[in-house]
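Okay, so here's the structure we're looking at.
Residue numbers (this note's numbering): 4 to 372.
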């Protein structure tokens, strides 16, 4: 298992690539966010025989459905869910009979081809059965807690306004001009992106929150929320500048690529230990994931940006209990030689690893290596 001192040692050594390449020191703050975590959220049960069933866990009501005091009726916050039909069989049919206002983010031919795996926006209402089902766990297929079907947000805007806003981000274009789908409604995807970019002041995030048509100093989306198992993370706007003319709806592709690599590394940790005789307990497994996340960020900052390279470093760390650099000090030469081709540097590092550790360690071959 990973030893705490290794995690601390290597995490503290990380050179922050994003801080080096951001404009944090020169760009004024135009958006202020509050990131919060709500742990230990328990699902609702089926509530059979309950006269007045609750529709959301008590821990989530304040952030998802409560209204600020002295708020005019026409400025009340609505709660929306952006749900992934790929995770919920027959989601379009469920929404059709829910009595709730809803709409697919895709349209035209994309809607016809992908509606059963597409994102759907729905305005949730309290005391509605579908709303309650989102937060209920049971063996029935319409109780959706275990499906973790999507993202939640709060806004004063109408469903059509939210639909128009979110559609701007369903497809993004990379540096080469190639378009691809951005599945920001998946678990942790958008919150990870916002949190990482905001921490490093690397991108103007205002377009993700939009602007209230009736109040230029307020965002269209007040907050985003997502749930991963029993933990809910929220990202709330506390200030947004009114200087919003001509801001394009842009997603930072290098950050997306890095976060995808980091997520892949965490998933690989699970896959690696499935094949081991002794699977670590939950705290040790989480420690291994945090270590490997830090490892990916460290080596990414030194120019190793392919899944094969980073996956191999993670594999070496797992196979050698987290400590391969200190056992082979000469590796530091190749790690820090950032003016050399990363493929050449990796080959030299892999040769040293193989020479010293032999069959105990091999290079990354995908999940289950």
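For each residue, glycine too, the CB sits at the ideal point set by N, CA and C. For clarity, every value in this text was computed on a predicted model and none was experimentally measured.
Query, Result
"Segment contact flag, the stretch 177 to 184 with the stretch 119 to 126, C-beta cutoff 8 angstroms, min 3 pairs", "no"
"Under 8 angstroms between C-beta atoms of residue 323 and residue 271", "no"
"N- and C-terminal bounds of the beta strand (DSSP E) containing residue 297", "First-last for residue 297: 285 to 304, but that is the alpha helix (DSSP H), not the beta strand (DSSP E)."
"Segment contact flag, the stretch 156 to 169 with the stretch 210 to 230, C-beta cutoff 8 angstroms, min 3 pairs", "yes"
"Exposure of residue 346, with buried meaning 16 or more beta-carbon neighbours within 10 Å", "exposed"
"Contact check, residue 367 vs residue 304, beta carbons under 8 angstroms", "no"
"With 16 other Cβ atoms within 10 Å as the buried cut-off, status of residue 358", "exposed"
"Start and end residues, beta strand (DSSP E) containing residue 346", "Counting along the chain, residue 346 falls outside any beta strand (DSSP E), though it belongs to the alpha helix (DSSP H) covering 345 to 360."
"Residue 300 classed as buried or exposed, judged by whether at least 16 other C-beta atoms fall within 10 angstroms", "buried"
"Which of helix, strand or coil DSSP assigns to residue 194", "helix"
"Integer Cβ distance of residue 243 from residue 34, believed to fall under 8 angstroms", "5 angstroms"
"Rounded Cβ spacing between residue 127 and residue 83 (contact assumed at less than 8 angstroms)", "7 angstroms"
"Contact the stretch 192 to 206 vs the stretch 272 to 292: 3+ CB pairs below 8 angstroms", "no"
"Cβ pair residue 59, residue 152 closer than 8 angstroms", "no"
"Residue 352, buried or exposed, once every other Cβ within 10 Å from all chains shown has been counted against 16", "buried"
"Residue burial classification, residue 362 (beta-carbon count within 10 angstroms, cutoff 16)", "exposed"
"Residue of 66, 51 and 56 minimising C-alpha distance to residue 229", "66"
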